[in-house]
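Beneath this line is the structure, given in structure tokens, with notes to follow.
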Amino acid sequence: MKHISFKLAFMAVVLAFAGTTFTACEDDIEITNGTTNPWENVDGQFGAVRSAAGAKMGATLTTKNGESATGHVYFELSKVAEQDTKVTFKIDADALTAYNAANGTNYTAYEGATLSNNGEVTIPAGKRISDYIDVNIPAGKSGNAVAITATADNGVTISSNNSTYIYQVKSVTYPQHNKAIKNLCYIEVNNENPLNAGEYTLSNGEPFFDIVSIFAANINLDSDGKPYIYCNEQVTYVLHNADKIIRPLQEKGIKVHLSILGNHDDAGMRSLSEEGAKAFAKELKYYVDIYGLDGIDFDDEYSSYAEGSFKGSAQSGTGVVASTAECTPQNYTNLLKACREELPKENGTAFGIYWYTYSDHPLGTEVESLIDYTVFGSYGSFMEYTGQDIDNTIEAPYAITLIADNNGSPVVVPVSESNLQKVKDNGYGYMAFYNLKSSKLYTSTFNQVASILWDDTVEWTGNTYARTETSPVQYSKPSYEEWLGTWTVKASGSSLYYYEAGPWWDWTNSKEFTVTITEGDEENTYKVYSWENYSSKVKAITDQYPFIAQYNEDGTIFIDGEEAVVGTPATGENAGNYILTVGTYGRGNNWSVTSTYASGKYILEKAPNGAVQMYYYSSSPLNGRYGFGLFKVNDDETTTAVMDITEAHSAGHVYTFSR
418 MKHISFKLAF MAVVLAFAGT TFTACEDDIE ITNGTTNPWE NVDGQFGAVR
468 SAAGAKMGAT LTTKNGESAT GHVYFELSKV AEQDTKVTFK IDADALTAYN
518 AANGTNYTAY EGATLSNNGE VTIPAGKRIS DYIDVNIPAG KSGNAVAITA
568 TADNGVTISS NNSTYIYQVK SVTYPQHNKA IKNLCYIEVN NENPLNAGEY
618 TLSNGEPFFD IVSIFAANIN LDSDGKPYIY CNEQVTYVLH NADKIIRPLQ
668 EKGIKVHLSI LGNHDDAGMR SLSEEGAKAF AKELKYYVDI YGLDGIDFDD
718 EYSSYAEGSF KGSAQSGTGV VASTAECTPQ NYTNLLKACR EELPKENGTA
768 FGIYWYTYSD HPLGTEVESL IDYTVFGSYG SFMEYTGQDI DNTIEAPYAI
818 TLIADNNGSP VVVPVSESNL QKVKDNGYGY MAFYNLKSSK LYTSTFNQVA
868 SILWDDTVEW TGNTYARTET SPVQYSKPSY EEWLGTWTVK ASGSSLYYYE
918 AGPWWDWTNS KEFTVTITEG DEENTYKVYS WENYSSKVKA ITDQYPFIAQ
968 YNEDGTIFID GEEAVVGTPA TGENAGNYIL TVGTYGRGNN WSVTSTYASG
1018 KYILEKAPNG AVQMYYYSSS PLNGRYGFGL FKVNDDETTT AVMDITEAHS
1068 AGHVYTFSR
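The numbering used here numbers the first residue of the sequence shown as 418 and each following residue consecutively.
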């Protein structure tokens, strides 16, 4: 959520009393649940009209597909009330007119908006913040904004820039897609923009991703022991710009969810008391309503009970249970039940469960009726829901991390085609991805997935969005001619060599070498010379005889892992046939072809961030110490490494090209 300074708040107050009016769109003194009161050191008692969920002035409420919408406002005092204080809210068309005059806007009053409880609420003595009043927005009416004002008794002053809160209102219609296997992507918004997920489609134009989850907001406890949603600056940015980031995804038929994650205190999915669960459920509803979210993802990580530091209700407040023993999967289920009271499944709000241990997910006979999907988040592994059976149609037992590097070294995205086939063959309803990046090219990976799950291909617009940008930059795919010429090549891993004195295999610095790419004999083909030419034995072959690569329409180059080197000598010291394929060290002192991975392929591609890298793609993830090397094919079809065993073999799942 937005953090603000006391200095700005104090200035707003002083100017208000001096007769100076801030424009109504100024939100410097906006505060939200769980934040410090910026007025606590200011004399006098005055108040402000606020929106729930940390919404800034002018947040848009959406009536989706002909359904009504709801906003939520409350009244905040600068100091705790010394006596019961009555507050009366009203829908105020005159305030909207005044706002337009002050800010040069032209909002028109939305017809039919009403307030719950006739807009009346009382702040009890000893409290500072009122209960919430619902702002009910019927669908299909004219107008585009609602202004809410409030009055308070007992001498409370309302400064001019805090006297009105305005919601915009927008009617939207979203397309509905219903793939047999739905595809979910968690977006790390600290670094990436959710809009990137909307740029991938299947061949029929349907989105590749069905759900995009904003990762992540946190569940925290405030000073009173009440659970609330905390949003850092990046999550806040996405929510405050919902019209430019969330809405465009929904307009493509992509559901947008908000992930909720523990944050190193006693609040968590397994630790909330009945009182705390009800309070947090209401908070979730405010976020879903105001930002037009389609669902919530629960991720039970990083809470104190998982870290061995749980304090319990005696210290943390009544919002949590008394002891770690009560932080159970059944208590997680109780939280979901409380949330469903506020956000019924039949009203269209989806609940998802991310899990990866034996205790971090809800259990009980009611679980299946409370949730819409589960994601097993031990990326690369395959596992069904643990502890009880649930229907396969709501499970994602396999998820892929879209990592781009490991400690600065580029890595290939690990895709298990056998796990994908199990997802399809066994009727699982979901597939999940984590951490889509704007800097990486994913077309080969996504095609690998789509070909199995949907018998389809993936198209990418080429649009990329920086983290806080809402206008795209178009990716420029390399032309055939751009690949021609000399390149310096370096494997992502350190090179391997056989240390005879050991004897064992050991590491050395990664070897660099140069290759030359020239035009091939066939259309859109290349000849690639000099692979691993730092070895004199290999150089004698690859400097003279190239292997063949194929230019693709997407600007990448395909290299067959089993392609024979062209024009190998028929006579002389180097007579024979050769292949460039995947090798590794075996038992003893040999460097040999790995049959498991020989049928894979290398793709040379230029990423949106300009990095040029060659990735290995196969039916199984490539794990271990492997390299793309030269082997001689013997008469009996066996293979022998050309390079001396004591020479360093370039090893890595990725090769970086530069010049």
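Note that beta-carbon positions come from the ideal geometry of N, C-alpha and C, so glycine has one too.
Every value quoted in this text rests on a predicted model; they were computed, and no experiment measured them.
- Around the CB of MET1031, 16 or more other CB atoms lie within 10 Å, so the residue is classed as buried.
- Going by DSSP, GLU605 is part of the beta strand (DSSP E) stretching over 599–605.
- Relative to GLY1027, the option among THR803, GLU801, LYS857 whose CA is nearest is LYS857.
- Residue pairing from DSSP places GLY1046 in a beta bridge opposite THR998.
- DSSP places ASP706 in the helix class (H, G or I) of the three-state scheme.
- In this structure, the alpha-carbon of HIS1070 lies about 7 Å from that of GLY1044.
- Checking the DSSP bridge columns, you'll see TYR914 partnered with ASP923.
- Close CB contacts of LYS599 within its chain, under the 7 Å cut and outside five residues either way in sequence, are with ASP627, ILE628, GLY846, TYR847 (chain order).
- Between the region 561–574 and the region 492–504, the count of C-beta pairs closer than 8 Å reaches three or more; the two stretches touch.
- In the structure shown, ASP683 falls within a coil segment according to DSSP collapsed to helix, strand and coil.
- Scanning its chain for C-beta atoms nearer than 7 Å, with the 5 sequence neighbours on each side dropped, one finds around ALA696 the residues LYS643, PRO644, GLY736, in chain order.
- In chain order, PRO986 place their CB closer than 7 Å to the CB of ALA992, counting only its own chain and leaving out the 5 sequence neighbours on each side.
- Contact holds between the region 538–553 and the region 489–496, because three or more Cβ pairs, one in each stretch, are under 8 Å apart.
- With respect to GLY679, TYR647 sits apart: the two C-beta atoms are not nearer than 7 Å.
- When the alpha-carbon of GLU605 is set against those of ALA562, ALA564, TYR654, the nearest one is in TYR654.
- In the structure shown, ARG757 adopts helical secondary structure according to DSSP, grouped into three states.
- Here PRO827 carries a strand assignment [DSSP, helix/strand/coil].
- Here ASP873 has LEU619, SER620, ALA867 as same chain residues with Cβ atoms under 7 Å from its own Cβ, once five neighbours each way along the sequence are excluded.
- The beta carbon of THR885 sits closer than 7 Å to the beta carbons of TYR654 from its chain, once the five residues preceding and following it are set aside; these are given in chain order.
- Taken atom to atom, the span from the alpha-carbon of ALA469 to that of TYR703 is near 6 Å.
- For GLN865, the enclosing alpha helix (DSSP H) starts and ends at 860–870.
- In this structure, LEU819 sits near PHE850, with a CB-CB distance shorter than 7 Å.
- Contact fails between the region 937–957 and the region 826–845, because fewer than three Cβ pairs, one in each stretch, are under 8 Å apart.
- With a beta-carbon spacing of about 23 Å, THR539 and ALA564 fall beyond the 8 Å limit used to define contacts.
- Taking each of PHE632, ILE996, VAL1059 in turn and checking the Cα distance to PHE715, the smallest one comes out for PHE632.
- No residue range can be given for SER1036, since it is assigned to no beta strand (DSSP E) and is classified by DSSP as neither H nor E.
- In the three-state DSSP reduction, PHE930 falls in the strand class (E or B).
- When only Cα atoms are considered, ILE707 and ASN941 end up about 53 Å apart.
- The alpha helix (DSSP H) runs of length 4 or more contained entirely in the region 618–676 are, from start to end of the chain, 650–657, 659–667.
- Residue state for LYS956 is assigned as helix, using DSSP reduced to three classes.
- Between ASN561 and TYR524, the C-beta spacing is below 7 Å.
- Taking C-alpha positions only, THR514 is separated from ILE663 by approximately 29 Å.
- Within the model, the alpha-carbon separation for ALA883 versus VAL890 is close to 8 Å.
- TRP900 has no beta-bridge partner at all, per DSSP.
- Separation of ASP960 and SER1035 (C-alpha to C-alpha, rounded to the nearest whole angstrom) is 28 Å.
- Under the DSSP assignment, TYR516 falls in the alpha helix (DSSP H) whose first and last residues are 510–520.
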